[in-house]
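Chemist: Got a structure for you, questions after.
Protein chains: 2
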Amino acid sequence: MTAQDYVALTPDTLAQRLGTLPQLAERVGPAEGWKVREVGDGNLNLVFIVEGANGAAVVKQALPYVRLVGESWPLPLRRSFFEYNALIRQEARDPGSVPEVFHFDEAQAIVVMEFLQPHVILRQALIEGRRVADLGERLGLFCARTLFRGSDLSLPAPAKKADTALFAGNVELCDITENLIFSDPYFDAPMNRHTPGLDGIVARLRGDLSLKVAAQHLKMAFTSRAETLLHGDLHTGSVMVTGTETRVIDPEFATYGPIGFDVGMLIGNFLMAYFSQPGHEGHAGERAGHQDWLLGTAATIWEVFAAEFAHLWRSERRGILHQASLYEDQGHALASEQALSDVLGQVWRDTLGFCGIEMHRRILSLAHNADFEKIADEGRRAECEARTLAMGRQLMLGAGAIHGMDAVIAMARRMDKENHL
Amino acid sequence: MTAQDYVALTPDTLAQRLGTLPQLAERVGPAEGWKVREVGDGNLNLVFIVEGANGAAVVKQALPYVRLVGESWPLPLRRSFFEYNALIRQEARDPGSVPEVFHFDEAQAIVVMEFLQPHVILRQALIEGRRVADLGERLGLFCARTLFRGSDLSLPAPAKKADTALFAGNVELCDITENLIFSDPYFDAPMNRHTPGLDGIVARLRGDLSLKVAAQHLKMAFTSRAETLLHGDLHTGSVMVTGTETRVIDPEFATYGPIGFDVGMLIGNFLMAYFSQPGHEGHAGERAGHQDWLLGTAATIWEVFAAEFAHLWRSERRGILHQASLYEDQGHALASEQALSDVLGQVWRDTLGFCGIEMHRRILSLAHNADFEKIADEGRRAECEARTLAMGRQLMLGAGAIHGMDAVIAMARRMDKENHL
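If you're matching them up, the sequences are chains Z and S in order. Here the first sequence is numbered in our numbering, starting from 106 and rising by one per residue. Here the second sequence is numbered in our numbering, starting from 106 and rising by one per residue.
In structure tokens form, the structure reads like this:
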């Protein structure tokens, strides 16, 4: 079957087309009894839930264009290939963290996978003020394990180079990141939009030369520093949760990049959840407890990430960097700890930078967050967004001078009380 | 033809096997009159000079093992593929800087190219105390043009990602670099050797934890920072010269890596030429003028590199980084200059680090330099090498604090007068 044979699924054709697939029939039951519904609410793909006598599964199919925009913005089907390849690596590196993959059809750009139920999208839960047990721990572990184990600290060099080459093919999705995150926020790009009340602060940010330069240095880090396999789009919309379970989905933006990229984007989305809470309050202070929990979760993500990264460094550093043959085997365990501290320090600074730029692009560029979008009152929304923009700037420019999550949290609490419009 | 059909050429079979190749017959003349001699004195390959009625050409063929070591160290033939691909890109990016390629045969791992005559290997000329007009200028331009034009500052993103993926396949030659340059010097690796009188300083260096850690950070930069297409082995043995012309050869180690890698390795080899001169003197001070010229050439390499890089930054920055749409088009030309200064600053620090480690590995690891090896008196050789090792350490650990070539030159002059044994 060639790419020319690609046909988009519909709820009506799905059972006929996939009904004979043993991987699906096994989990869902005979195709005659299937109930199929399309539930994709993301920006890019078709997502079907298939339910039958024995269970359910998700069928995700890429569309040859950006769903959010339409056929005028074509996007190659092979992003499905990268999503599949990322999912199986994430499962191997942090078992249980992602949906189990049952089947992949490259030509049809279809991934058949586990139906996560009763999971909901984390972002929606956070907007509603709901909590998830062990959320920060789980996400911190996911970051540490996938990012460490995809790097030259862990993989054999040929495997890491082969994967770097493989995922370098994810050109079009990287192009989205490169434009929407790293450049568009800082000038009047055609697809940009922002809440009207922000015009003043937006003009100030776009007139800020050092900020633009910092953004471009982060862009160079993204395009050049092939440190590890990134999820590539690790925001709270790429996480599904129950009250007690956390799973990561949608790694179609996967590419090799800097370790701090995923961690920074993730923490940035928690900080946005934090700054958006006043916009969802019925009365002032109603969400204060939830805000505390959000900041605590952001801190936990970093702390668990750093602790697990250090644990993996000490226990399974088998790659070509910082080899035990140079350090521990020579009686120089202190060199190993010195190097770990240096590496985590660099990841920390990168994390803050990517965190800050994510907070900018979600307010200034094309793809906005429901955290803010669902604040109906534009004036309140602008207030929340302005604080977020101010903090994003400080993280991007101050990355070298901010020495821990305590400082980040103190900064967020202070800015949450200020007017940055 | 498959890889299984590979057969190494010999002077006797070459005319028969390649005689019908029009690209060769055209330049050399009819095969009946060919004179063929094998002249490869490098570590890896067969090199034939083919002379005929109309002219001459070089036929370079990879061997399936490391020539320096023998069949016990296999090395894939496809390094020839990477050499060919690097040569044609270098020619496009800095026309006239490399031998013209006439023909490439992937299965036979053969590159047929221009015979450079009366060129000699630069290293040999430097050992003999000979000068080359415009050498530093030419090498500085080569570095700036090839390194800028292979990066995200210049190439379209899909082309840069495709080349990153392509050259990520050069696994085995990267493996040599990763081991011989970045790790072996800093512990008692099996293939290491060093001049006997160096035992003391070698022990001190291998006991120096911060130095080892710095070496590993440089290794991570090499394996992760896919900034541009490197030559990958840019030492004075990879340069051919006459009294007035300079050409760069042998890019089979080509891979994507940090901009400073080529520049640092190159300057490191000039510093080694400098420190080795006293070992070639008939009487004390005989080579003082040549030493001055070597340091001046090293300085010129950096200065011309930086000036040309800045020129290309200002005149043909058409890639996805530091776009004019963000800077100049917004009236923010100052941001462009600020970013250029930041980028060159990072390249400078990287250059010093790679320069330092190159100076170590050529004395401590497997592949030594003729500059030192040809000093017959082991005591004098050890003195020269010890100064080189001392300076290498200072460059690696002091990269952030050394603010220009003047400081590097002053350091070299001082160390050349000291005893570091």
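Glycine is no exception: its CB is placed at the ideal position from the N, C-alpha and C atoms.
Scan the stretch 318-352 of chain S for residues whose Cβ lies nearer than 7 Å to a Cβ of chain Z and list them as they occur along the chain.
Modeler: V318, Q321, H322, K324, M325, T328, S329, R330, A331, E332
Chemist: If you measure beta-carbon to beta-carbon, which residues of the stretch 416-428 of chain Z are closer than 7 Å to chain S?
Modeler: I425, L426, H427, Q428
Chemist: Of all the CB atoms in chain Z, is at least one closer than 8 Å to the CB of S:L431?
Modeler: yes
Chemist: Closest Cβ-Cβ distance between S:Y111 and chain Z: below 8 Å?
Modeler: no
Chemist: Would you mind stating whether Z:G369 and Z:E463 have Cβ atoms separated by less than 8 Å?
Modeler: yes
Chemist: What first and last residue would you give for the beta strand (DSSP E) that runs through Z:Q195?
Modeler: Run containing Z:Q195: none in the beta strand (DSSP E); it sits in the alpha helix (DSSP H), 184-198.
Chemist: Let me know if Z:T118 comes out buried or exposed under the rule of 16 or more other beta-carbons within 10 Å of its beta-carbon.
Modeler: Only exposed fits Z:T118, as fewer than 16 other CB atoms lie within 10 angstroms of its CB.
Chemist: Counting only beta-carbon separations shorter than 8 Å, does Z:V535 have a partner in chain S?
Modeler: No information on residue 535 of chain Z is available, as it lies outside the stretch 106 to 526 that chain Z covers here.
Chemist: Hey, is S:T107's beta-carbon within less than 8 Å of any beta-carbon in chain Z?
Modeler: Confidence in S:T107 is poor, its pLDDT being 48 and thus under 50, which makes the residue's placement too unreliable to answer from.
Chemist: Quick one: list the residues of chain C neighbouring S:T269, beta-carbon separation under 8 Å, in chain order.
Modeler: No chain C is part of this structure, whose protein chains are labelled Z and S.
Chemist: Taking 8 Å as the threshold (beta carbon to beta carbon), is Z:E463 in contact with chain S?
Modeler: no
Chemist: Could you check the C-alpha separation between Z:R454 and S:G145 for me, to the nearest Å?
Modeler: Their backbone Cα atoms lie some 48 Å apart in a straight line.
Chemist: Please list the residues of the stretch 143-173 of chain S that have a C-beta atom closer than 7 Å to any C-beta atom in chain Z, keeping them in chain order.
Modeler: none
Chemist: Leaving out the 5 sequence neighbours to the left and right, which residues in its chain are closer than 6 Å to Z:D313 when beta-carbon positions are compared?
Modeler: none
Chemist: Nearest-angstrom Cα distance between Z:E442 and Z:V452?
Modeler: 15 Å
Chemist: Any C-beta of chain Z within less than 9 Å: which residues of the stretch 279-307 of chain S qualify?
Modeler: C279, D280, E283, N284, F287, S288, Y291, F292, D293, A294
Chemist: Entirely within the stretch 367-433 of chain Z and at least 4 residues each: give me those alpha helix (DSSP H) ranges in chain order.
Modeler: 393-420
Chemist: Listing by chain order, which chain S residues have their CB less than 8 Å from the CB of Z:K266?
Modeler: A273, G274, V276, C279
Chemist: Got a sec, what are the start and stop residues for the beta strand (DSSP E) S:K265 sits in?
Modeler: Premise fails: S:K265 lies in the alpha helix (DSSP H), 262-272, not in any beta strand (DSSP E).
Chemist: In three-state terms, what does DSSP make of S:D355?
Modeler: coil
Chemist: Would you kindly report the start and end of the unbroken alpha helix (DSSP H) that includes S:K317?
Modeler: 314-329
Chemist: Using Cβ-Cβ distances below 7 Å, what residues of the stretch 446-460 of chain Z are close to chain S?
Modeler: D447
Chemist: Who are the neighbours of Z:A262 on chain S, taking C-beta pairs under 8 Å?
Modeler: V276, C279, D280, E283, T328
Chemist: So with Cβ pairs under 8 Å, would you call Z:L502 a contact of chain S?
Modeler: no
Chemist: Count the CB pairs spanning the stretch 322-341 of chain S and the stretch 357-369 of chain S that are closer than 8 Å, and state whether there are at least three.
Modeler: yes
Chemist: Within its chain, find whatever has a CB closer than 7 Å to the CB of Z:S315; leave out the 5 residues flanking it on each side and keep chain order.
Modeler: L502
Chemist: Out of curiosity, what's the CA-to-CA distance linking S:V171 and S:Y189?
Modeler: It is roughly 19 Å from the alpha-carbon of S:V171 to the alpha-carbon of S:Y189.
Chemist: Does the distance from the CB of Z:T405 to the CB of Z:E242 come in under 8 Å?
Modeler: yes
Chemist: For Z:Q166, which three-state DSSP category applies?
Modeler: Here Z:Q166 sits in strand by DSSP.
Chemist: Tell me whether S:I226 sits in a helix, a strand or coil according to DSSP, three-state version.
Modeler: strand
Chemist: Between the stretch 466-478 of chain S and the stretch 373-382 of chain S, are three or more C-beta pairs nearer than 8 Å?
Modeler: yes
Chemist: To which residues of the same chain is S:M106 closer than 7 Å at the C-beta, ignoring the five residues directly before and after it?
Modeler: Interpretation of S:M106 is limited by its pLDDT of 42, a score under 50 that renders its predicted location unreliable; the figure taken from the coordinates is listed afterwards. A212, listed in sequence order.
Chemist: What does the alpha-carbon distance come out to for the pair S:D268 and S:F366?
Modeler: 18 Å
Chemist: Show which residues of chain S have a CB atom less than 7 Å away from the CB atom of Z:Q435.
Modeler: The answer, in chain order, is F292.
Chemist: Do the CB positions of S:L469 and S:N297 come within less than 8 Å of each other?
Modeler: yes
Chemist: Are the CB atoms of S:R492 and S:D521 within a distance shorter than 8 Å?
Modeler: Yes.
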